[in-house]
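Q: Submitted below is the structure of interest, expressed as structure tokens.
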Ligand code: BG6
């Protein structure tokens with residue numbers, strides 16, 4: 001019998017993401033038979049009270065997806081158990097270990113990373129870090145390279161690297177995995193995927209939500225550490241990496257880490273030119289007025305809620321191709337996309353020495369709000385015009401377009417894939433220690449550049465695409481963001 005322990009099992013992440021994911025997996029018959037799920041947290045409550053709380057969290061979510069049924073719930077409820085523990089105390093963890101039985105034990109730390117070090121040490125002492133155990137760590141692990149290494153050293157003291165699963169939930173998103181299928185399951189893209197044909201790449205993660213009540217966490221991290229160090233650099237790696245020899249966890253992660261190593265460091269002198277920090281002031285988002293970040297926080301703060309960066313990858317494939325990344329809170333849309341912008345045609349035969357109305361080809365990989373991959377190409381406008389007229393069309397390459405009758409599959413929570421992989425011990429979609437280390441190294445240089453130049457974030461009105469400087473970052477080079 002295998003066990004999954006959710007440390008922080010009553011917290012926000014567990015209730016909003018992990019337990020609904022487990023319900024969906026169980027509903028679809030994907031959880032290992034006999035798997036026991038044990039919530040472990042500080043609050044003194046009985047297993048019955050915990051199960052009732054889980055139902056309250058899961059049912060509305062499953063109903064909204066049309067996937068609620070009592071039989072599936074009964075199956076999940078029968079797996080659930082709860083134990084009040086002090087996870088930093090080995091004595092308190094021993095009864096938990098006893099409840100897990102002798103099978104594989106996967107522990108998910110959905111708690112503050114400041115506790116990771118003490119918890120793993122206690123787990124080792126309590127026998128929860130044996131060979132049959134795995135540990136899943138939720139981001140952020142640390143707030144810079146130094147603190148990452150401190151925490152990770154404590155983890156490495158208790159667990160072998162093969163037992164450690166560092167989560168980046170973006171890697172669990174369907175379209176992110178589809179990017180791997182698109183690149184390496186087709187022969188037609190790879191020859192174009194380089195600096196001969198690609199002009200630049202854009203990665204945008206826009207959110208309409210503000211920081212709100214999360215400011216005690218967010219104020220320490222900011223957009224650079226909360227989003228760019230992990231989610232956005234992971235996306236960049238998947239776009240830029242060389243073809244791995246297979247999908248073995250280390251083959252894929254070796255290629256990703258090479259990309260991170262090739263990122264050109266951003267020196268303090270460069271920081272002004274290639275980075276933009278912003279913070280939202282009051283404005284209007286989706287028709288509703290929104291307060292400034294400082295107002296939400298209750299006092300002025302220097303934390304950025306928006307960041308835009310030009311990254312350069314110094315290797316043969318990508319030399320001269322800028323990767324522009326931007327992310328922020330309180331932007332006009334919740335939108336996550338990767339744009340591969342191809343170069344213009346070298347010469348137009350349609351105009352008089354000009355390119356006329358030819359738009360350069362663009363591949364847009366949209367992760368949110370829709371999951372779609374589309375390629376824009378030019379074709380002929382129907383008609384008898386003497387001079388041939390062109391028009392851009394969008395070709396959708398996503399799953400939905402081939403089977404006419406196929407209903408779209410339910411959109412899965414990214415944690416479903418990741419929980420399942422962790423339970424099966426497959427670490428391909430998890431971040432290896434050296435990847436996290438390299439990502440922190442690069443991000444630390446950006447943060448140091450900001451500190452030593454005393455860069456205050458620039459204001460942007462809530463509901464806009466960040467400070468004007470973010471547009472200038474591209475327009476200076478004759479380019480512009482896909483969504484403006
Ligand atoms: C989290 C960040 O990792 O990702 C949040 O801490 C952010 O600040 C969230 O809102 C975005 O995730 P998604 O899947 O909604 O794009």
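Numbering (full-length UniProt numbering), first residue to last: 1 to 484.
Heads up, the beta-carbon is just placed ideally off N, CA and C, and yes, glycines get one too.
Predicted, not measured: the structure shown is a model, and the values here were computed from it.
1) Looking at residue 92 and residue 26, is the spacing between their C-beta atoms short of 8 Å?
2) If you check the beta carbons only, do residue 445 and residue 265 fall under 8 Å apart?
3) Can you give, in chain order, each stretch of the alpha helix (DSSP H) that sits fully within the stretch 389-446 and has at least 4 residues?
4) Tell me residue 254's beta-bridge partners as DSSP assigns them.
5) Does the beta-carbon of residue 450 have 16 or more other beta-carbons within 10 angstroms, so that it is buried, or is it exposed?
6) So with Cβ pairs under 8 Å, would you call residue 57 a contact of chain D?
7) Just to confirm the assignment, what range does the beta strand (DSSP E) spanning residue 36 have?
8) Would you list the residues sitting across from residue 365 in a DSSP beta bridge?
9) Would residue 424 be called buried (16 or more neighbouring beta carbons within 10 Å of its own) or exposed?
10) Name the residue from 134, 309, 344 whose alpha carbon lies nearest to the alpha carbon of residue 224.
11) Could you tell me whether any non-hydrogen atom of ligand 1 is closer than 7 Å to the CB of residue 368?
12) With distances taken from CA atoms, which of 346, 345, 420, 374 is nearest residue 394?
13) Is residue 336 near ligand 1, going by C-beta to nearest heavy atom under 7 Å?
14) Taking the continuous alpha helix (DSSP H) assigned at residue 489, which residues delimit it?
15) Spatial neighbours of residue 290 within its chain, please: CB distance less than 8 Å, with the 5 preceding and 5 following residues excluded, ordered by chain position.
16) Starting from the C-beta of residue 435, find all residues in its chain whose C-beta is less than 7 Å away, skip the five residues before and the five after it, and write them out in chain order.
17) Does the stretch 410-417 come close enough to the stretch 155-163 to have 3 or more Cβ pairs within less than 8 Å?
18) For residue 7, which residues does DSSP report across the bridge?
19) Could you give the first and the last residue of the continuous beta strand (DSSP E) run that contains residue 310?
20) Could you check the C-alpha separation between residue 52 and residue 16 for me, to the nearest Å?
21) For residue 333 versus residue 365, is the C-beta spacing smaller than 8 Å?
22) Keeping to the same chain, check which residues put their C-beta closer than 6 Å to that of residue 405; ignore five residues upstream and five downstream.
23) For a test of the three-state rule: what should DSSP assign to residue 333, helix, strand or coil?
24) With DSSP collapsed to three states, give me the class of residue 203.
A: According to the structure data:
1) no
2) yes
3) 414-424
4) For residue 254, which the question treats as bridged, DSSP gives no partner whatsoever.
5) buried
6) Here chain D cannot be found, since the structure has a single protein chain.
7) 36-41
8) 338, 373
9) exposed
10) 309
11) yes
12) 374
13) yes
14) There is no way to answer for residue 489, as the model of the chain reaches only from 1 to 484.
15) 210, 280, 282, 283, 284, 330, 462, 463
16) 253, 256, 257, 260
17) no
18) 40, 109
19) 306-311
20) 15 Å
21) no
22) Below a pLDDT of 50, predicted positions are generally treated as unreliable, and residue 405, at 47, falls in that range; the measurement from the model is reported next regardless. Counting only Cβ-Cβ distances below 6 Å, and skipping sequence neighbours, we find nothing.
23) coil
24) strand
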